[in-house]
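Chains as they are written, first to last, in my numbering: chain A, 1 to 297; chain B, 298 to 594; chain C, 595 to 891; chain D, 892 to 1188.
See below for the structure under consideration.
Protein chains: 4
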Amino acid sequence: MPEKLTPGVWGVVATPFLGSALEVDEPSLVRLAEHYERIGTTGLTVLGVFGEAARLSVEERRTVLEAVVDAVGLPLVVGVTGLATAPVLDEARLVHEVVGDRLAGLMVQVNSPDPQVVAAHLNAVHDATGAGIVVQDYPDTSRVVIRTADLVRAVRAVPSAVAVKAEAPPTPAAIARLTAELDVPVFGGLGGLGLLDELAAGAAGAMTGFSRPEGLIACVQAWRSGGHDAARDAYLPYLPLANFEAQAGIGLALRKEAIRRRGLIMESGVRPPAARLPEALVPQLARHLAALPGEVR
Amino acid sequence: MPEKLTPGVWGVVATPFLGSALEVDEPSLVRLAEHYERIGTTGLTVLGVFGEAARLSVEERRTVLEAVVDAVGLPLVVGVTGLATAPVLDEARLVHEVVGDRLAGLMVQVNSPDPQVVAAHLNAVHDATGAGIVVQDYPDTSRVVIRTADLVRAVRAVPSAVAVKAEAPPTPAAIARLTAELDVPVFGGLGGLGLLDELAAGAAGAMTGFSRPEGLIACVQAWRSGGHDAARDAYLPYLPLANFEAQAGIGLALRKEAIRRRGLIMESGVRPPAARLPEALVPQLARHLAALPGEVR
Amino acid sequence: MPEKLTPGVWGVVATPFLGSALEVDEPSLVRLAEHYERIGTTGLTVLGVFGEAARLSVEERRTVLEAVVDAVGLPLVVGVTGLATAPVLDEARLVHEVVGDRLAGLMVQVNSPDPQVVAAHLNAVHDATGAGIVVQDYPDTSRVVIRTADLVRAVRAVPSAVAVKAEAPPTPAAIARLTAELDVPVFGGLGGLGLLDELAAGAAGAMTGFSRPEGLIACVQAWRSGGHDAARDAYLPYLPLANFEAQAGIGLALRKEAIRRRGLIMESGVRPPAARLPEALVPQLARHLAALPGEVR
Amino acid sequence: MPEKLTPGVWGVVATPFLGSALEVDEPSLVRLAEHYERIGTTGLTVLGVFGEAARLSVEERRTVLEAVVDAVGLPLVVGVTGLATAPVLDEARLVHEVVGDRLAGLMVQVNSPDPQVVAAHLNAVHDATGAGIVVQDYPDTSRVVIRTADLVRAVRAVPSAVAVKAEAPPTPAAIARLTAELDVPVFGGLGGLGLLDELAAGAAGAMTGFSRPEGLIACVQAWRSGGHDAARDAYLPYLPLANFEAQAGIGLALRKEAIRRRGLIMESGVRPPAARLPEALVPQLARHLAALPGEVR
């Protein structure tokens, strides 16, 4: 069976675009991935929701995967966007072809409230690909609402599960139950908004697209060495920005602009129909960034 | 500019599956398409929501398209499932390759409440493919809610629009406005549930997956020759079944079973995570079918 | 324990309003209630969602109850709008005061997905009032989604339950299970849209606000005497209107106008924020009414 | 015309309950209200969503209002729960009777996406009561989604509007527009989650039920004296708790327990069907409270 994911911070990589045609900007993507490696991220998650995977062509997905595989030596989780087995296998084949044994896990969404349906789907994906499965419970994207008890049932029936990504708010109580009843690591997401509470509930770390992953890393490291209060102190300077970036609908645009402003990507455009950056919020984004610890502004 | 869709009944073709692996059943698909042609359907819509397009692999989509193209000489509308331009263009390329000039329209979903975003998307799809665009407003699938006035604005800005498929209930008032303010034909869908009221509101016909398309055809033909009362009389025997099949969530399974029972397809399985046929409803389905006019049981 | 509701058709009474102030129109209300009695309705449901109870003052609710109690001798179900025990008891006290032993049941909404919470609530209402409880599962209004198995659990724990009103679509499968596992009568609602299928699933009848309750009565009577096919034949002439009136959001306005046009109420206004009658649909409403059997136009 | 609300922090008062019957606990309520006055709250908001108004009887609402009126000299905003004019007037009459000229504003929910419907409703409430209107845009409770431009239109047509409470996330961009286009103060709510960003967008302050209103006050005061950075520093120690308390569904239970733990109320029970305190989160709540500045633990 595939190895469980290493606890820590997995960065969900944005896909930078260039120009009015919003073409994939490989150099920016490489720079971004390298930055994640440099700061000590545990691994990278590519083609997630924050990576706008559902707005890329197949060739662009390949381009993104190749660029990240070449740029860094980190273990990779790769997301798939479909909810049914056949199209997910299409996506998985591409991932296997490009990422090979660099793949730490294929991130597949919970696709039904019925744990048997979920388990059959995830097992079919593993059987066809050999990949470890990161089980993503993200109703905001999937529109699937599963009860925590049923998610436990589903994951128990998937021996190849290497992690759960718990993104059905409120997450802390769910994570407390998932970590108590499962022997796979559970990661929080949602931009790091609830990271402290998720760690307290037993989370193995965060897997999310916060523009300042240094904050997530500082928080998780402080948690390990000093417990809750240390983690709180470490995360506090980042929390206002995490809140700001977590705004419904516009979060992606805000995060890309926040990444751009630190020089990692050239432009902050998002592909439609994602909401564009609200101009009225740019000054406040600038204030948030100016207030961050020096090295991560 | 592409020609507008011909008014009438466009059948949305189910994708039949076989066995526990639920593999695409081409002979059944061919038989189904031929049946549609035989009964006088205006055209066929392939790879729609009812065709479970979002649960097919790319190769299976190709198989479905090829089978239908070969089986019948009808004009074809082909659906795409993505909401963003790049993946829609992937889908559109396959359609173009297989369907060629048999394509009467590419059915693309409204992807934003903002008419400018919608129009830019649809125009980009046309520009890249030359295809006429069937604008599908189906919030139950797309999760996008657009106001009717904004849908009018969007469609007016898309010279290549060849039809609107109006599936945001309540549809009759929307269709009344769309037909008054647009010069493209507007079709109802939603299983034919509101066909009479949609015709009265100015609809050009129906484009939907009702298991007895003969009923839709009889209704539309009667409408043309005899007006409302004739259409009502013609449709009445079918309405209880249309209502039954329109049940949320389980409608697809009910329709496929209803099609199977007339011998057009071998099996009625649906791909997960779609809900399976509720056994408790099978006797009532049988009653509905037994009550239909003789030739369409 | 209170007696179970008598199977049959319970009419949900509209509250007619007069003038630009939309004041309660008692004479129309009396005429409407008398009509229901005259045509052989099993009982009346007052202050339901269709009665716009949530848009009436306490005094107006009293007025409505008094008028109906005085006008007819039918058994009455009275709806309450709150989801918590204390305000429901306020409403129940008024009902008890005005309706007394004419009360066949107090219709209380399912207020939680948790069957224990639901049962505690319903039992508290019964304990304080002695009333039989009609358990209404109507997520469109309550925003509460309960699984059918949990609804069974809840109702089993409420000895005073006299009926279930099943209005969580798709209703037929739910009603099949509820009637198999409970010994209380289960009624369909939702404007009679699914009446045939609900009867086939074991429903005891309909409790709804269809503008032509004669159709519901004809259907249920035919079901009893002649089974499914007779019921189908009896209901068929009414089904296009039932569908038309069931349109989301505008159904209330359509139904009141349909009632007005048969002379039972003076005006068809609905209280804001309910949607007003869409003018574009009035001609089609007229067509539907003209096509009805003579005596109920 | 009524005076606009004073900028600052308006505390939304919880309704404390006692025992298994969850009866209103007046002494705790008085203690809570006095605490708000002592710490320098600008005013109090009573019978809001956080006050569980929709789960109180009419007599209990009266009790709550009387207790607060007697306990403190602060100006009061009082919430109403209905969405239609007649029941809102019932509620408003009680408020007028008990609160009299202590009433700074009646908080009424946006009840329609149509600005004309909203304005007619709010004007009718003012005309009947003379009360200034606090316009609450809170779709999570009302289920009404209004576009910001239409909210502006509505408020402009209500001369008696004394404030807007903006609780439709993402709030900062909406507040920026509302404050730019309206001359009434706009308050944030939602537990203070976005207070910093709302102040930056022009908000006049906060009106919410955060368990440590001292944090809201410190933030607003710092904003006035020192601008964004001072407000950020002042609010930072409270932000982890604000996030924790803002969890969907369980926030009310968490807040009441957090208030109980500082000795202001006796018990932290919430009335069903509100979700109870998840035991698994109590240790983390304790950690959050232990980390607060000394005087507000």
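From the three backbone atoms N, C-alpha and C, an ideal C-beta is built for every residue, glycine too.
Remember, it's a predicted structure, so these values are computed and weren't measured experimentally.
Partners in chain A for residue 1119 of chain D, counting only beta-carbon separations shorter than 7 Å: 287, listed in chain order.
CB of residue 111 of chain A within 8 Å of CB of residue 126 of chain A, strictly: Contact check for residue 111 of chain A against residue 126 of chain A fails: the beta carbons are separated by 8 Å or more.
Residue-chain proximity (residue 86 of chain A, chain B), Cβ-Cβ < 8 Å: For residue 86 of chain A, the answer is yes, since a Cβ of chain B falls inside 8 Å of its Cβ.
Below-8 Å beta-carbon distance, residue 570 of chain B vs any chain A residue: Answer yes: the Cβ-Cβ gap between residue 570 of chain B and chain A drops below 8 Å somewhere.
Under 7 Å from the C-beta of residue 1088 of chain D: neighbouring residues of chain A: Among the residues of chain A, those whose CB is under 7 Å from the CB of residue 1088 of chain D are 244 and 284, following chain order.
Endpoints, alpha helix (DSSP H) assigned at residue 186 of chain A: Element bounds for residue 186 of chain A: not the alpha helix (DSSP H) but the beta strand (DSSP E), 186 to 188.
Best match in A:95, A:271 and A:215 for proximity to residue 297 of chain A [C-alpha to C-alpha]: The shortest Cα separation from residue 297 of chain A among A:95, A:271 and A:215 belongs to A:215.
Which of helix, strand or coil DSSP assigns to residue 739 of chain C: Here residue 739 of chain C sits in coil by DSSP.
Buried/exposed call for residue 801 of chain C, threshold 16 Cβ in 10 Å: Within 10 angstroms of the beta-carbon of residue 801 of chain C lie 16 or more other beta-carbons, which makes it buried.
Beta bridge counterpart(s) of residue 505 of chain B as assigned by DSSP: Partner(s): B:308.
Alpha helix (DSSP H) segment containing residue 1010 of chain D, residue limits: Residues 1006 to 1020.
Residue 352 of chain B: contacting residues in chain A (beta-carbon distance under 9 Å): Chain-order list of chain A residues neighbouring residue 352 of chain B: 82, 83, 84, 85, 86 and 87, by C-beta distance under 9 Å.
Close Cβ partners of residue 319 of chain B (< 7 Å) along its chain, the five nearest in sequence each way excluded: Cβ-Cβ distances below 7 Å link residue 319 of chain B to 566 and 568 in the same chain, with the five nearest sequence neighbours on each side left out; the list follows chain order.
Per DSSP, the bridge partner or partners of residue 406 of chain B: DSSP lists B:433 as partners of residue 406 of chain B.
Identified DSSP bridge partners for residue 617 of chain C: Residue 617 of chain C is bridged by DSSP to C:612.
Chain-ordered neighbours of residue 841 of chain C on chain B, where CB pairs are closer than 9 Å: Under the 9 Å cutoff, chain B gives 466, 467, 468, 469, 470, 491 and 494.
According to DSSP, residues forming a beta bridge with residue 376 of chain B: B:404.
Reference residue 963 of chain D, options D:977, D:1148, D:1049 and D:920, closest by Cα: The shortest Cα separation from residue 963 of chain D among D:977, D:1148, D:1049 and D:920 belongs to D:920.
Neighbourhood of residue 89 of chain A by C-beta, 7 Å cutoff - its chain only, sequence neighbours within 5 removed: Counting only Cβ-Cβ distances below 7 Å, and skipping sequence neighbours, we find 125 and 128.
Contacts around residue 179 of chain A, its chain only, beta-carbon distance under 6 Å, and the 5 residues preceding and following it disregarded: The residues are 186 and 202.
Reference residue 950 of chain D, options C:660, C:847 and C:681, closest by Cα: Nearest of C:660, C:847 and C:681 to residue 950 of chain D, Cα basis: C:681.
Touch test, the segment 66 to 84 of chain A against the segment 40 to 54 of chain A, Cβ-Cβ under 8 Å, three pairs minimum: Contact holds: three or more Cβ-Cβ distances are below 8 Å.
Interface partners of residue 1017 of chain D on chain C, CB under 9 Å: Correct list: empty, because the minimum Cβ distance to chain C is about 16 Å.
Close beta carbons around residue 590 of chain B, own chain, < 6 Å, minus the five adjacent residues each side: Around residue 590 of chain B: 534.
Contact between the segment 515 to 532 of chain B and the segment 756 to 766 of chain C (3+ Cβ pairs under 8 Å): Cβ pair count under 8 Å is below three, so no.
Closer than 8 Å to chain A by CB, residue 1141 of chain D: Residue 1141 of chain D counts as touching chain A.
Residue 588 of chain B: CB within 7 Å of a non-hydrogen atom of the ligand COA: With respect to the ligand COA, the structure shown offers nothing to examine, as it has no ligands at all.
Residue interval of the alpha helix (DSSP H) (run including residue 876 of chain C): It spans 876 to 884 - the alpha helix (DSSP H) in which residue 876 of chain C sits, taken as one unbroken run.
Cutoff 7 Å; reference residue 798 of chain C; Cβ partners in own chain excluding five residues on either side: Answer for residue 798 of chain C: 601, 779, 780 and 781, listed in chain order.
Where residue 693 of chain C sits in the DSSP three-state scheme: Assigned with DSSP and collapsed to three states, residue 693 of chain C falls in helix.
Cα-Cα separation, residue 137 of chain A to residue 165 of chain A: Their backbone Cα atoms lie some 6 Å apart in a straight line.
Residue interval of the alpha helix (DSSP H) (run including residue 477 of chain B): Taken as a continuous stretch (DSSP letters only), the alpha helix (DSSP H) holding residue 477 of chain B covers 468 to 478.
Beta carbon proximity, residue 733 of chain C to chain B, threshold 8 Å: No, residue 733 of chain C lies away from the interface with chain B (no Cβ there is under 8 Å from its Cβ).
Cutoff 8 Å: residue 1169 of chain D Cβ touching any chain A Cβ: So yes, residue 1169 of chain D belongs to the interface.
Distance between residue 710 of chain C and residue 156 of chain A (C-alpha atoms, nearest Å): One C-alpha to the other measures close to 28 Å.
Distance CB(residue 813 of chain C)-CB(residue 794 of chain C) smaller than 8 Å: Not a contact, by the Cβ cut-off of 8 Å.
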